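Q: Quick one: the structure is below, questions incoming.
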Amino acid sequence: DNDGDADNRGFFLFLGLNLFVGLVGMLRNWDGGLNKWFAVAKTGGYLLDFNLSTLLLPTMRTVQKYAIQVRALDSLFNSDPIGFHIMVAGFVAVATAVHCLGHAMHILA
Numbered sequence: 008d009n010d011g012d013a014d015n016r017g018f019f020l021f022l023g024l025n026l027f028v029g030l031v032g033m034l035r036n037w038d039g040g041l042n043k044w045f046a047v048a049k050t051g052g053y054l055l056d057f058n059l060s061t062l063l064l065p066t067m068r069t070v071q072k073y074a075i076q077v078r079a080l081d082s083l084f085n086s087d088p089i090g091f092h093i094m095v096a097g098f099v100a101v102a103t104a105v106h107c108l109g110h111a112m113h114i115l116a
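All residue numbers for the sequence shown refer to the numbering used here, where the first residue is 8 and numbers rise by one.
Right under this line is the structure:
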């Protein structure tokens, strides 16, 4: 099933982007705060910024028109907008958990 393959590619592409953004957040803040939990909280914040802004992309007509020309983007944004929204919402939930855990542990440490 080609649509399933495109969905998997889209998921793994988005997962890779999240891992990259999380790594940037962790490395940029590793020496900040009172302990390393500060960097975890900041990582969650970077992930929230990325994922919450990504939720808006499919609503922008210019992005939709451009995405039609790029097969990977078209399958990610346009083929199943509700599925895309649900996938990004899952990443938002994980980012929220990372962010809250980082803050809680930073306070307790």
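Using N, Cα and C, we set each Cβ at its ideal position, and we do this for glycine too. Note that this is a predicted model, so its numbers are computed, not measured.
(1) CA-CA distance, TYR73 and ASN25?
(2) Do the stretch 43-55 and the stretch 92-112 touch if we need at least three Cβ pairs shorter than 8 Å?
(3) Along the chain, where does the alpha helix (DSSP H) that runs through ASP81 open and close?
(4) Use the C-beta contact count for MET67: other C-beta atoms within 10 angstroms, 16 or more gives buried, fewer gives exposed.
(5) In angstroms with no decimal places, state the Cα-to-Cα distance between LEU115 and PHE27.
(6) Can you say whether ALA7 is buried or exposed, counting buried as having 16 or more other CB atoms within 10 angstroms of its CB?
(7) Name the two residues that bound the continuous alpha helix (DSSP H) containing ASN58.
(8) Can you tell me which of the three DSSP states LEU41 falls into?
A: In short, the structure shows the following:
(1) Straight-line Cα distance between these residues: approximately 22 Å.
(2) With a cut-off of 8 Å, the stretch 92-112 and the stretch 43-55 count as touching, because enough Cβ pairs lie within range.
(3) Run containing ASP81: 78-84, per the alpha helix (DSSP H) assignment.
(4) MET67 counts as exposed, since fewer than 16 other beta carbons sit within 10 angstroms of its beta carbon.
(5) Counting only the Cα atoms, PHE27 lies some 28 Å from LEU115.
(6) As shown, the chain starts at 8 and ends at 116. That puts residue 7 outside it, with no answer to give.
(7) Note, ASN58: alpha helix (DSSP H), 44-61.
(8) Of the three classes helix, strand and coil, the one that applies to LEU41 here is coil, per DSSP.
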